[in-house]
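Numbering (this note's numbering), first residue to last: 33 to 300.
Just so it is clear, CB atoms sit at the ideal spot from N, CA and C, and this is done for glycine as well.
Below you can see the structure in the form of structure tokens.
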């Protein structure tokens with residue numbers, strides 16, 4: 033009896049059922065998983081596992097790959113998503129899309145290669161992984177159904193372009209006319225990287241042309257570095273005026289403070 037997984041996508045749908053990724057050990061409920069979806073790949077949340085009949089297992093598609101080895105959300109939170117959807121009378125995927133949209137918009141590269149001995153002209157057997165987008169969706173579905181390809185998902189790390197030092201100051205920056213260039217380069221070496229030539233010029237209080245000259249002469253260059261993760265949204269409590277005290281209300285005191293007086297005083 034095969035084991036199936038229930039995957040919740042950030043779409044107005046209930047969980048969809050797949051088989052686990054081939055050749056990969058099972059992960060806990062709450063991990064993210066990449067599954068085939070409408071000719072491409074989509075990131076979803078593992079919300080449950082169950083045993084299905086053998087005939088049913090033949091009808092199910094296999095998930096592509098796990099994105100997490102550990103739970104991205106705890107199992108009780110995964111159950112809570114479905115409970116909230118039931119109480120709100122909406123598909124569970126809408127709750128997921130509302131509460132954690134950024135977590136399922138992470139860029140993932142879907143790659144494939146032929147299995148050993150598979151007659152797939154487009155792919156080298158056990159050769160380098162290639163982008164799945166290079167195959168027509170119908171062709172990939174056929175190869176997948178026949179068990180002729182291996183698939184994986186690779187997390188694509190966000191990059192940003194920054195200005196970094198490329199060479200130390202030397203005789204090429206001597207002289208009063210190059211004072212601005214020396215100041216800009218000294219600051220760049222101190223900071224190690226800046227977002228742009230304009231930002232370095234502002235920080236060093238020099239014309240932007242001095243920074244451009246550093247790039248032209250090879251003392252500074254642009255490079256791609258890993259971008260930091262997006263900042264979590266800040267929730268600011270709304271300031272509300274204090275509730276008026278009802279006439280004749282007696283503030284709670286002593287051991288009876290939790291049973292008498294105003295509700296807001298008991299909560300405090």
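Residue(s) in a DSSP beta bridge with residue i
| i | result |
| --- | --- |
| residue 142 | 185 |
| residue 97 | 66 |
| residue 193 | 256 |
| residue 50 | 37 |
| residue 73 | 68 |
| residue 81 | 37 |
| residue 226 | 195 |
Presumed contact (8 Å Cβ cut-off) between residue i and residue j, rounded CB distance
| i | j | result |
| --- | --- | --- |
| residue 205 | residue 219 | The pair is not a contact, with the Cβ atoms about 13 Å apart (cut-off 8 Å). |
| residue 68 | residue 96 | 6 Å |
| residue 89 | residue 51 | 6 Å |
| residue 144 | residue 182 | 7 Å |
| residue 128 | residue 60 | Not a contact, Cβ separation roughly 17 Å. |
| residue 130 | residue 196 | That pair is no contact at about 40 Å. |
| residue 162 | residue 114 | With 8 Å as the limit, residue 162 and residue 114 do not qualify as a contact, their Cβ atoms being about 37 Å apart. |
| residue 117 | residue 123 | 6 Å |
Classification of residue i by the beta-carbon crowding that lies within 10 angstroms, buried from 16 upward
| i | result |
| --- | --- |
| residue 301 | An answer regarding residue 301 cannot be provided, because it is not within the stretch 33 to 300 covered by the chain. |
| residue 200 | exposed |
| residue 251 | buried |
| residue 211 | exposed |
| residue 288 | Note on residue 288: pLDDT 49, under 50, position unreliable in the model; no value is reported. |
| residue 174 | exposed |
| residue 72 | exposed |
| residue 155 | buried |
| residue 133 | exposed |
| residue 74 | buried |
| residue 125 | buried |
| residue 56 | exposed |
| residue 53 | buried |
| residue 176 | buried |
| residue 110 | buried |
| residue 142 | buried |
Residue nearest to residue i in terms of C-alpha spacing, selected from the options
| i | options | result |
| --- | --- | --- |
| residue 45 | 71, 53, 215 and 77 | 77 |
| residue 33 | 197, 166, 73 and 81 | 81 |
| residue 186 | 164, 173, 213 and 120 | 164 |
| residue 10 | 178, 121, 124 and 228 | Any property of residue 10 remains undetermined from this structure, which presents the chain solely from 33 to 300. |
| residue 209 | 194, 239 and 40 | 239 |
| residue 105 | 127, 62, 40 and 172 | 62 |
| residue 66 | 92, 39 and 57 | 39 |
| residue 259 | 194, 222 and 249 | 194 |
| residue 180 | 237, 161, 115 and 151 | 151 |
| residue 242 | 92, 254 and 214 | 214 |
| residue 248 | 103, 119, 92 and 217 | 217 |
| residue 149 | 85, 121 and 159 | 159 |
| residue 344 | 99, 198 and 234 | One cannot answer for residue 344 here, as it falls past the ends of the chain, which runs 33 to 300. |
| residue 94 | 184, 103 and 115 | 184 |
| residue 48 | 102, 91 and 58 | 91 |
| residue 257 | 236, 222, 188 and 168 | 188 |
| residue 85 | 147, 112 and 35 | 35 |
| residue 224 | 245, 230 and 198 | 198 |
| residue 64 | 102, 70 and 83 | 102 |
| residue 146 | 236, 121 and 172 | 172 |
| residue 221 | 207, 230 and 236 | 236 |
Residue i at chain D interface by Cβ criterion, 8 Å
| i | result |
| --- | --- |
| residue 217 | Annotation note: the requested chain D is absent from the structure, which comprises a single protein chain. |
Mind pulling the alpha helix (DSSP H) runs of 4 or more residues that sit fully within the region 115 to 176? 124 to 131
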